[in-house]
Structure formats: structure tokens, C-alpha cells
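Sequence positions in the sequence shown follow UniProt numbering and run 1 to 297.
Ideal Cβ positions, reconstructed from N, Cα and C, are used throughout, including at glycine.
What you are looking at is a predicted structure, and each value in this text was computed from that prediction instead of being measured.
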Amino acid sequence: MTAPTDHHGDRATEGHAAADRVPEPAPEPTPEERTGGVREVKSAARTLELLELLAARQNRPARLRELSEALGMPRSSCYAVLRTLTKYGWVRTDASGTMYGIGIRALLAGTSYLDTDPYVHTAKSVLDRLGEHLDETFHLGRLSGTDVVYLVTRESGQYLRPHSRVGRRLPAYSTALGKALLAGLDEAGLARHLPAELAPLTEHTLTDRAALERDLAEIKERGWAVDREENTQGVKCFALRLRYAEPATDAISCSVPLARLTPAREEDVVTALGRARDSIEQGALSLGFGSWGEDGL
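This is the structure in C-alpha cells:
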């Protein structure tokens, strides 16, 4: 199989992540990294932690006690934050006012993120055309902490999955998207984006750090990443990192059910991903955008 051209040297079907798994925060910045020596605002940090916890619980609303205990926050403080967030639509409650969930304002903010990101717009048009040509499932994902967040999904008409959606977050080490990006990091960068424990999503997930690092070395040498049922049983995925930022934060992938994956089809998919990457990179660079610099990475 011919590797896609990589001028700079050198999946992803979503599985079931724990519903209330809160994304691991990025390491504390050094004093030099702090802008003008400004310190973290505790109340703002608590507000964001609360929103992330509610979002991670998805369709499982929580009581005040659960939230305050999970965050180690005094109940009175937690209640005050919840009241404020509810007032402005970031949190909603049930009829009794005792159960809390994420509010519609969070959706509006998330939609704005997608609408204003130049790379998302460019990648979506390319992946839509690719999906029409190959009729497989394609994704654009972005590295965020120890996870990959799905920003674009183009579903196959042959294989529909109930858990494939924009905004889904999965461990980077278990997906082709994530591994394509992890393979491009140095040792310090890799340490930032791997959790202390590599929990299995399937029986094929690489949970041994040394085995994962060997796989990442092979990915770097080969030029593309492969997820062999590591995220979802019965599905093999292929991914390439996008090189308009350094280190790369975005990648594209294709997911194919093993039941109809042949060597010829695999070669077609990897070749098509390489061409799609070139198109996306050229389109992104022609817009004149540099890296947005995801500070939470």
C-alpha cells in the first residue's frame, strides 16, 4: 500500500465512553506562560468545572449534593453558581427545581464554535464529497486534553451508528484520529495528552503504555494511523493528521466495518484520505489562517 505523501516528515467510530467522565484538565501553566502574571479566577474556574461536569453526565441530571460532592465545592457556593447559570440559560432544572442539567446556551456557544472555525468549514466540504464518492463514514477530530473531540461527521449510507455525533469526546489513545495526532508529539507533548491509566474500551484497546508507544512509532513511520477495533468492535479505522498547525491538533479519519473491508478497499480508503488531507490543507492555508492555538490542549 502506498502511503499518502507527507511533506513535513514524518477513526474513527465513536465507542462508549463513560457518561460522566470529566475531561482531564490541561497541566497548570508555568509562571512564564501566564499572561502578564494574571492568576486563575477561582469563581470562574468553579463555574467552568460545573458546566463540564453537567455536560459529561449527558442525559443524567444531577442533584445539588451530587454536584457539590463531585467537585469538592461547598454546597452553598455550588447552589449560588447553579442559580446564576440557570438564570442565564447555561443550566436548566426540572419542575421541582432540584435536578440540574446542561442548558440551551451551551448548545448555542458550541454551535458558534463550529460555525466560526475556518478549518471545520473547509474540512466539512471535502469530507462530504469524499463520503459521496466512497460512501463510508468520515470524521474530523481535534485533540483536547487526553481526548479527541469530533467536529465533523459524514455518515455512510450503508452503516449508521447511534453514537456517532458532533461533539462526542473519546480517549485519544483508543481512536485512529487520536493516535494520528499523538504520533506527531514529542515526549513532553505525549505525556500531556495521555491519562495515567489507559482504560479499555474494547478487548482490543491498547492499555499497555509501551505497546501504545510502539504503535505510535509505527504510525509515524507509516504515515497514517489505524484503529483495529480498539474503540468499537467490528470496525477498523484509518486516520491522517492535518498539518496546517504544528504540532498538529486536527485529523481526519474513515471508519469501515470489518465485514466488508478488503485489502483493495483499505488501499482505496488510505489513498482517498491522503488526497482529502491535501485538499483540506490547501484550502485552510489559502484562507490565511494560522493556528488558533487551543489553549486547553
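- In the three-state scheme derived from DSSP, where H, G and I count as helix and E and B as strand, Val120 is classed as helix.
- Annotation: Pro257 is outside any alpha helix (DSSP H); the continuous beta strand (DSSP E) that includes it extends over Asp250 to Pro257.
- Distance from the Cα of Glu266 is smallest, within the candidate group Val235, Ser112 and Leu242, for Val235.
- Between the C-alpha atoms of Pro118 and Arg57 there is a straight-line separation of about 29 Å.
- Taking 4 residues as the minimum length, the alpha helix (DSSP H) runs contained wholly in the UniProt domain "HTH iclR-type" (41–104) are 42–56, 64–71 and 75–87, in order along the chain.
- Within the region 167–244, the complete beta strand (DSSP E) segments of 3 residues or longer fall at 169–171, 225–228 and 235–241, listed in chain order.
- Contact check for Leu194 and Thr146: beta-carbon distance about 6 Å, within the 8 Å limit, so the pair qualifies.
- One alpha carbon belongs to Gly167, the other to Lys124, and they sit about 14 Å apart.
- Under the three-state reduction of DSSP output, Thr262 falls in the coil class, being neither helix nor strand.
- In the DSSP assignment, Thr153 is bridged to His139.
- About 6 Å separates the beta carbons of Ile252 and Ala276, which is inside the 8 Å limit, making them a contact pair.
- The distance from the Cβ of Asp128 to that of Lys179 is about 24 Å, inconsistent with a contact at the 8 Å cut-off.
- The beta carbon of Gln233 lies closer than 6 Å to those of Thr202 in the same chain, with the five residues before and after it left out.
- By the Cβ neighbour-count rule, Ala183 is buried, with 16 or more other Cβ atoms within 10 Å of its own.
- Sequence-distant Cβ neighbours of Arg105 in its own chain, meaning closer than 8 Å and more than five residues away, are Tyr88, Gly89 and Trp90.
- Nearest Cα to Val256 within the set Leu82, Ser112, Leu67 and Asp135: Asp135.
- Here Thr262 is exposed. Its C-beta has fewer than 16 other C-beta atoms within 10 Å.
- In terms of Cβ geometry, Val126 and Leu151 do not form a close pair [threshold 9 Å].
- Here the C-alpha atom of Ser43 lies approximately 30 Å from the C-alpha atom of Glu197.
- Of Leu190, Gln158 and Glu69, the smallest CA-CA separation from Pro247 is found for Leu190.
- DSSP lists Leu143 and Leu170 as the bridge partner or partners of Val148.
- Only residues of its own chain outside the window of five on either side were considered, and among them Thr47, Leu50, Leu51, Val91 and Gly103 have a CB closer than 8 Å to the CB of Leu85, listed in chain order.
- Scanning its chain for C-beta atoms nearer than 7 Å, with the 5 sequence neighbours on each side dropped, one finds around Leu258 the residues Gly234, Val235 and Lys236, in chain order.
- In the assembly as shown, Thr137 is a buried residue. Its beta-carbon has 16 or more other beta-carbons within 10 Å.
- Separation of the CB atoms of Leu54 and Ala62 is rounded to 7 Å, and the pair is thereby assigned contact status at 8 Å.
- Here the alpha carbon of Gly157 sits roughly 9 Å from the alpha carbon of Glu132.
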